[in-house]
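Q:
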Amino acid sequence: MSNVSSFDRVKIVLVGTSHPGNIGSAARAMKVMGFSRLALVAPRCEITDESYALATKATEIIDSIEVFETLDDVLSDVTVAFGASARIRGFDWQIEPPRSAAQRSSKVLVNQSAAHVAWVFGREDSGLSNDELSKCQFLMHIPTNPDYASLNVASAVQIACYEQRLALLDHREASDSEELASRQQYESLVSHFEQVMTHSGFHDPEKPMLTMMKLRHLLNKSSLTRAEVSLLRGFLSSIQSYDKADSHE
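And the structure:
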């Protein structure tokens, strides 16, 4: 698998974009660094002449934009997602600067030929919600000037794409045993945990989902491999089997 083909498996996702110009500027930032897959989630604006004007020679990216209703939809085929945040959140997030996030991403892309990576950027005025960030395995924070930390979304895309390009051009091979679990496997594990915890009474689905949010953070920090997810799901299945057997005695 060449590192050039890995570029085609990187997706830039803009959530709730409200300014047409930012769509065009993001497309231009992507093409300069060799990326072409741009997706919008529930955009709050239309693609306009301004979008094309600011895209300059990257108009083909605008023409091929995919639009999704929810973040879950756009991440359905993604192995690893990085959620961008302008501020450090109150939860125990696993936060990485763009460089280390790009290195992690490149390791996945180079060593897993079917893997896809998404860099997710939020709304111009409020960024990504905690719920949206929890759907990403990692949180990416660009360390800007604390006295003026505001960064245009297209500028953030440019930084991420630059770091991703450098990392892909200077990748290091990893062993197959280190393959990270896909996002689909990760979500299935979260659902499995929720079933077991709800049945045991540890988690009440009628109450706010703080427990599940904390569980997601815990699993995200662990960077689980495919083998580790299989081990945990086997453990959860054994609990369910034991509970069924015990109920019939």
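Here the sequence shown stands for residues 97 to 345, where the numbers follow my numbering.
Backbone N, C-alpha and C define an ideal beta-carbon position, used for all residues, glycine too.
Mapping the DSSP letters down to three states, classify residue 270 as helix, strand or coil.
A: Here residue 270 scores only 46 on pLDDT, less than 50, and its place in the model is too uncertain to base an answer on.
Q: For residue 269, which residues of its own chain have a beta-carbon under 6 Å away from its beta-carbon, when the five flanking residues on both sides are left out?
A: Per-residue confidence for residue 269 stands at a pLDDT of 49, beneath the threshold of 50, marking its modelled position as unreliable; the derived number appears in the next sentence. Same-chain partners within the cutoff: there are none.
Q: If you scan the segment 202–287 from start to end, which runs of the alpha helix (DSSP H) of 4 or more residues do you find wholly inside it?
A: 226–230, 249–265
Q: If you scan the segment 292–329 from start to end, which runs of the alpha helix (DSSP H) of 4 or more residues do you find wholly inside it?
A: DSSP runs (the alpha helix (DSSP H)) wholly in the segment 292–329: 306–318.
Q: To which residues of the same chain is residue 141 closer than 7 Å at the C-beta, ignoring the five residues directly before and after it?
A: 113, 114, 115, 116, listed in sequence order.
Q: Closer than 7 Å to a non-hydrogen atom of the ligand GTP - does that hold for the CB of residue 106?
A: Although the ligand GTP was asked about, the structure shown includes no ligands whatsoever.
Q: Hey, quick one: how far does the beta strand (DSSP E) through residue 179 stretch, first residue to last?
A: Where residue 179 is concerned, the enclosing beta strand (DSSP E) stretches over 176–180.
Q: Beta-carbon within less than 6 Å of residue 250's beta-carbon, same chain only, minus the 5 sequence neighbours each way: which residues are those?
A: 118, 121, 122, 125
Q: How about residue 177 and residue 257: are their beta carbons less than 8 Å apart?
A: no
Q: Helix, strand or coil: how does DSSP classify residue 167 here?
A: helix
Q: Any idea which residues DSSP pairs residue 106 with across the strands?
A: 213
Q: Starting from residue 133, follow its DSSP beta bridges and name the residues at the other end.
A: DSSP lists 107 as the beta-bridge partner residues of residue 133.
Q: Mind the definition here: the segment 155–175 touches the segment 223–237 only if three or more C-beta pairs lie below 8 Å; say whether that holds.
A: yes
Q: At which residues does the alpha helix (DSSP H) containing residue 146 begin and terminate?
A: 145–151
Q: So residue 121 is in the alpha helix (DSSP H); what residue range does that whole segment cover?
A: 116–128
Q: Measuring only the C-alpha atoms, how far is residue 192 from residue 234?
A: Answer to the nearest angstrom: the Cα atoms are 7 Å apart.
Q: Thinking C-beta only, is residue 148 closer than 8 Å to residue 161?
A: No, these two residues do not count as a Cβ contact at 8 Å.
Q: Using only the alpha-carbon positions, how far apart do residue 284 and residue 309 sit?
A: 15 Å
Q: Whose C-alpha, out of 259, 282, 222, is nearest the C-alpha of residue 311?
A: 282
Q: May I ask you to report which of helix, strand or coil DSSP gives residue 191?
A: strand
Q: State the start and end residues of the unbroken alpha helix (DSSP H) segment that holds residue 159.
A: 155–159
Q: Give the DSSP-derived three-state secondary structure of residue 290 in the structure shown.
A: helix
Q: Using the C-alpha atoms, what's the distance from residue 319 back to residue 132?
A: Using only the alpha carbons, I get a separation of about 27 Å.
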